[in-house]
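Participant:
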Amino acid sequence: MAGDEPQSPDLPPLLLLRKPIAFLLSSLSTRFHLLKPWESPLPLPAFLSAHATTVQALLITGLAPVTAVILDSLPSLGCIVTTSVGVDHIDLLECARRGVAVANAGSVFSDDAADYAVGLLIDVLRRISAADGYLRQGLWTLAGDFPLGSKLSGKRIGIIGLGSIGSRVAKRLEAFSCTISYNSLTMKPSVPYKFYPNVCDLASNNDALIVCCALTSKTHHIINKEVLSALGKQGIIINIGRGALVDEEELIKCLMNGDIKGAGLDVFKNEPLVPKELFSMKNVVLSSHSAVNTEENILDLYQLIIANFEAFFSGTPLISPVSA
Amino acid sequence: METLGVLLTVPMDPYLEEELDRRYNLFRLWEAPLESRRDFLFTHAGSIRALVGNTNAGADAETIDALPRLEIVSTFSVGLDKIDLDKCLERGIRVTNTPDVLTDDVADLAIGLAIAVMRRIPQVDRFVRDGSWKTKGDYKLTTKLSGKTVGIIGLGRIGMAIAKRAEAFGCPIIYHSRSEKPDTNYKYYSNVLDLAANCQVLIVACSLTTETRHIVNRKIMDALGPKGVLINIGRGLHVDEPELVKSLVEGRLGGAGIDVFEHEPHVPEELFGLDNVVLVPHVGSDTMETCRAMADLVLQNLEAHFSSKPLLTPVL
Chain A
1 MAGDEPQSPD
11 LPPLLLLRKP
21 IAFLLSSLST
31 RFHLLKPWES
41 PLPLPAFLSA
51 HATTVQALLI
61 TGLAPVTAVI
71 LDSLPSLGCI
81 VTTSVGVDHI
91 DLLECARRGV
101 AVANAGSVFS
111 DDAADYAVGL
121 LIDVLRRISA
131 ADGYLRQGLW
141 TLAGDFPLGS
151 KLSGKRIGII
161 GLGSIGSRVA
171 KRLEAFSCTI
181 SYNSLTMKPS
191 VPYKFYPNVC
201 DLASNNDALI
211 VCCALTSKTH
221 HIINKEVLSA
231 LGKQGIIINI
241 GRGALVDEEE
251 LIKCLMNGDI
261 KGAGLDVFKN
271 EPLVPKELFS
281 MKNVVLSSHS
291 AVNTEENILD
301 LYQLIIANFE
311 AFFSGTPLIS
321 PVSA
Chain B
1 METLGVLLTV
11 PMDPYLEEEL
21 DRRYNLFRLW
31 EAPLESRRDF
41 LFTHAGSIRA
51 LVGNTNAGAD
61 AETIDALPRL
71 EIVSTFSVGL
81 DKIDLDKCLE
91 RGIRVTNTPD
101 VLTDDVADLA
111 IGLAIAVMRR
121 IPQVDRFVRD
131 GSWKTKGDYK
141 LTTKLSGKTV
151 GIIGLGRIGM
161 AIAKRAEAFG
171 CPIIYHSRSE
181 KPDTNYKYYS
191 NVLDLAANCQ
201 VLIVACSLTT
211 ETRHIVNRKI
221 MDALGPKGVL
231 INIGRGLHVD
241 EPELVKSLVE
251 GRLGGAGIDV
261 FEHEPHVPEE
271 LFGLDNVVLV
281 PHVGSDTMET
291 CRAMADLVLQ
301 NLEAHFSSKP
311 LLTPVL
């Protein structure tokens, strides 16, 4: 396996915390001398003390957390690149304090994430997954026609977070004659959609909410009991952001009581644990944090990773920097 | 008008049935056991002046012949393949369907099926529900839709609505139709084989006629190939179903999203074990909003006919 070949010590060292997918592992080996703690019998802190004190570059895969403690073990660290768009697993303030630059996946995943959000919305409204299951269980012949779904075209959709992903979701849904409105940290004067500074107002004026924003201390539980109540019995929630953007317990209560109509959830509070109350619900579509997991993205992602580290090592600005 | 008889061929919509029952003398064909259908029709033929059918049971020659007083066939569908149009023409029977009101729903479903099959949404949903995410880790990588070339067979109302949506995903659009459409910029292919060879997602959106039966056959599916995806929201007979099953099982076709089948509600069981297909039970226009709009259109057409006003959506 490429990852096991002896590596040239002339290649710049690159620390990873978790084993990445095979493609990344073998491709990165051609460019970097990889430090692979998962191959060591030492626990991570000991490994870092023994092998990583001079390391300048860290690649975070699989949303491995970067805490102040980890940063303490990497006194020479200058650059972190994460394979995700979200950076809530990285202590950005601590990185800034120590002068560690951080880069994420930029907009490499944005189309896929937007496709997935729209796919989940259509699935919840038109019951595609449920109908597929119905058919495969032989119920079309036994129990007759499947119950009706709801129309998507022309509905009012509220997007929370109109960044790279949210704006692409909006563009797609406009082609379905949907009316788009949004909530964001700040209003975007150049977009044609109505801005709601208050998420409850956004909820009460829309048929579905799509959560696309980053998880920060400000957006934790941005979808809470009040918002769900404002969304109402005909409302749908789609979450492709982070589990903690939604008050999960409250959401489940609303779904169980019929206080909202349905949900499409790609992310959860304690992945991969999913509250079992959801498993028997016919009006939800569940997903394993897969919104960006396509084969086509991996090559683009790899090239972006390389470009960011090359920029760092040559003292030029990172390609997809993130600030605290 | 109590003597105005309307024949409803199969249960299709509770609201429609209620309204027909309220307004007319409604005869429910399915209430007669199969072997006594002929007698049932014969008994009531004297008063049946309208027939309401759908994609399952329409007005074939035998039925039309059994109803000498039939004046109008109003189908709860846009498709006309279950109506003997030649016979209707011969007899001077009016025919109406339900165009436009269902265009959006069908187009929405076509795109929904494309995303569902390429991103494996139903499969991932089951993966989470059966606890596999905990034990097996993330679901494998799937296939991107954005930017893929979409080929549409039939650029009518529904085909155009599909094209408009797919364009928003950055998908280049190519199409095949009986004739080239002068008012679009999409690339036209005069034959389906070339169309299939030049797209990654092939969507069937044309009407079913004798010419378009099995328009997607083995050659077409091979041209679409192991990375290609077929979406059928037209009619089951558009696709050679046994060949479809073989090509999916053998991996010659990458995937399929299918809403319609040759012998509904029967679906080839070999498909049930595949994770590269999404199967739905003819739900193209099955939303509360659209079924209501379709029912109202049927009712309005009948009302117009019986008050000698112009039909709203006549075919004949």
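As you go down the protein sequences, you meet chains A and B in turn. Going letter by letter, the first sequence gives residues 1 to 324 in full-length UniProt numbering. Going letter by letter, the second sequence gives residues 1 to 316 in full-length UniProt numbering. Even glycine gets a Cβ: it sits at the ideal position worked out from N, Cα and C. What you are looking at is a predicted structure, and each value in this text was computed from that prediction instead of being measured.
Which residues in chain B have a C-beta closer than 9 Å to the C-beta of Lys225/A? List them in chain order.
Facilitator: Per Cβ cutoff of 9 Å: no residues; Lys225/A is ~25 Å from chain B at best.
Participant: Going by beta-carbon coordinates alone, are Ala114/B and Pro122/B separated by less than 8 Å?
Facilitator: No, the Cβ-Cβ distance between Ala114/B and Pro122/B is not below 8 Å.
Participant: In whole angstroms, what separates the C-alpha of Leu302/B from that of Asp266/A?
Facilitator: So the alpha carbons of these two residues sit roughly 47 Å apart.
Participant: Taking only beta-carbon atoms, is residue 397/B less than 8 Å away from chain A?
Facilitator: What the structure shows of chain B is the stretch from 1 to 316, and residue 397/B is not part of that stretch, so it cannot be assessed.
Participant: When DSSP labels each residue in this structure, what does residue 317/B get in the three-state scheme?
Facilitator: Residue 317/B lies beyond the residue range present for chain B, which begins at 1 and ends at 316; the question has no answer from this structure.
Participant: With respect to the alpha helix (DSSP H) encompassing Gly112/B, which residues constitute its N-terminal and C-terminal limits?
Facilitator: 103 to 118 is the extent of the alpha helix (DSSP H) around Gly112/B.
Participant: Less than 8 Å between the beta carbons of Ala256/B and Val229/B, yes or no?
Facilitator: Closer than 8 Å, so yes.
Participant: Quickly, what does DSSP pair Ile174/B with across the bridge? List them, please.
Facilitator: DSSP lists Gly151/B, Lys187/B as partners of Ile174/B.
Participant: Leaving out five residues before and five after Leu89/B in sequence, what residues of the same chain have Cβ atoms less than 8 Å from its Cβ?
Facilitator: Leu316, listed in sequence order.
Participant: In terms of residue numbering, what span does the alpha helix (DSSP H) encompassing Leu70/B cover?
Facilitator: That residue, Leu70/B, is in no alpha helix (DSSP H); it is neither H nor E in DSSP.
Participant: Would the segment 122 to 139 of chain B count as touching the segment 149 to 159 of chain B if we require 3 or more Cβ pairs under 8 Å?
Facilitator: Output reads no: the segment 149 to 159 of chain B does not touch the segment 122 to 139 of chain B.
Participant: Tell me which residues of the segment 33 to 51 of chain A have at least one Cβ-Cβ distance to chain B shorter than 9 Å, keeping chain order.
Facilitator: Result list empty, no residue passes.
Participant: What ranges does the beta strand (DSSP E) occupy inside the segment 42 to 110 of chain A, keeping only unbroken runs of at least 3 residues that lie completely in it?
Facilitator: Runs of the beta strand (DSSP E) inside the segment 42 to 110 of chain A: 57 to 60, 79 to 82, 101 to 103.
Participant: Would you identify the three-state DSSP class for Ile223/A, choosing helix, strand or coil?
Facilitator: In the structure shown, Ile223/A sits in a strand (DSSP, three-state: E or B).
Participant: Among Ala68/A, Arg127/A, Val81/A, which one has its Cα closest to the Cα of Thr287/B?
Facilitator: Out of Ala68/A, Arg127/A, Val81/A, Arg127/A has the C-alpha closest to the C-alpha of Thr287/B.
Participant: Is residue 345/B buried or exposed, if buried means 16 or more other CB atoms sit within 10 Å of its CB?
Facilitator: Outside the displayed range of chain B (1 to 316) lies residue 345/B, so it cannot be described from this structure.
Participant: Along the alpha helix (DSSP H) that carries Ser26/A, what are the first and last residues, could you check?
Facilitator: Element bounds for Ser26/A: 22 to 29.
Participant: Quick one, are the C-beta atoms of Asp259/A and Arg119/B less than 8 Å apart?
Facilitator: The answer is no: Cβ separation not under 8 Å.
Participant: Is Val285/A helix, strand or coil when you go by DSSP?
Facilitator: Residue state, collapsed to three classes: strand.
Participant: What residue range does the alpha helix (DSSP H) around Ile93/B cover?
Facilitator: Unbroken run through Ile93/B: none, as it is neither H nor E.
Participant: Taking CB distances under 8 Å as the criterion, tell me whether Glu296/A reaches chain B.
Facilitator: By this cut-off, Glu296/A is an interface position.
Participant: In three-state DSSP terms, what is Ile231/B?
Facilitator: Reduced to three states, the DSSP call for Ile231/B is strand.
Participant: Which one of Val298/B, Phe306/B, Ile203/B has the shortest CA to CA distance from Asp100/B?
Facilitator: With distances taken between Cα atoms, Asp100/B lies closest to Val298/B.
Participant: Just to confirm, is the Cβ distance from Leu141/B to Glu271/A under 8 Å?
Facilitator: No, these two residues do not count as a Cβ contact at 8 Å.
Participant: Can you find a CB in chain B that lies within less than 8 Å of the CB of Lys269/A?
Facilitator: Not an interface residue.
Participant: By a C-beta neighbour count over all protein chains shown, 10 Å radius and 16 as the cutoff for buried, is Phe169/B buried or exposed?
Facilitator: By the neighbour-count rule (16 or more Cβ atoms within 10 Å), Phe169/B is buried.
Participant: Would DSSP call Val10/B helix, strand or coil?
Facilitator: If DSSP states are grouped into helix, strand and coil, Val10/B belongs with coil.
Participant: State the CB to CB distance for the pair Ile159/A and Gly166/A, rounded to an integer number of angstroms; the pair is presumed to be in contact (CB under 8 Å).
Facilitator: The pair is a contact, with the Cβ atoms about 5 Å apart (cut-off 8 Å).
Participant: Report yes or no: is there a C-beta of chain A within less than 8 Å of the C-beta of His263/B?
Facilitator: Chain A contact via Cβ: absent.
Participant: Please list the residues of the segment 283 to 311 of chain A that have a C-beta atom closer than 9 Å to any C-beta atom in chain B, keeping them in chain order.
Facilitator: Of all residues in the segment 283 to 311 of chain A, Val284, Val285, Leu286, Ser287, Ser288, His289, Ser290, Ala291, Asn293, Thr294, Glu295, Glu296, Asn297, Ile298 have a Cβ within less than 9 Å of some Cβ in chain B.
Participant: Could you tell me which residues DSSP puts in a beta bridge with Leu142/A?
Facilitator: In the DSSP output, where bridge partners are listed per residue, Leu142/A has none listed.
Participant: Threshold first: 3 residues or longer. Then list the beta strand (DSSP E) segments lying entirely within the segment 14 to 75 of chain B, N to C.
Facilitator: For the segment 14 to 75 of chain B, whole beta strand (DSSP E) runs of length 3 or above, ordered along the chain, are 25 to 28, 48 to 53, 72 to 75.
Participant: Count the other C-beta atoms from every protein chain shown that fall within 10 angstroms of the C-beta of Phe313/A, then say buried if there are 16 or more, exposed otherwise.
Facilitator: Burial call: exposed.
Participant: Given that Val10/B touches chain A, what residues does it touch there, using C-beta distances under 7 Å?
Facilitator: Those within 7 Å of Val10/B in chain A number zero; the least Cβ separation is about 10 Å.
Participant: Counting C-beta neighbours from all protein chains within 10 Å, is the total for Asn297/A 16 or more, i.e. buried, or is it exposed?
Facilitator: Asn297/A comes out buried.
Participant: Among Gly232/A, Leu318/A, Leu215/A, whose alpha-carbon lies nearest the alpha-carbon of Phe268/A?
Facilitator: Phe268/A has its Cα closest to that of Leu215/A, out of Gly232/A, Leu318/A, Leu215/A.
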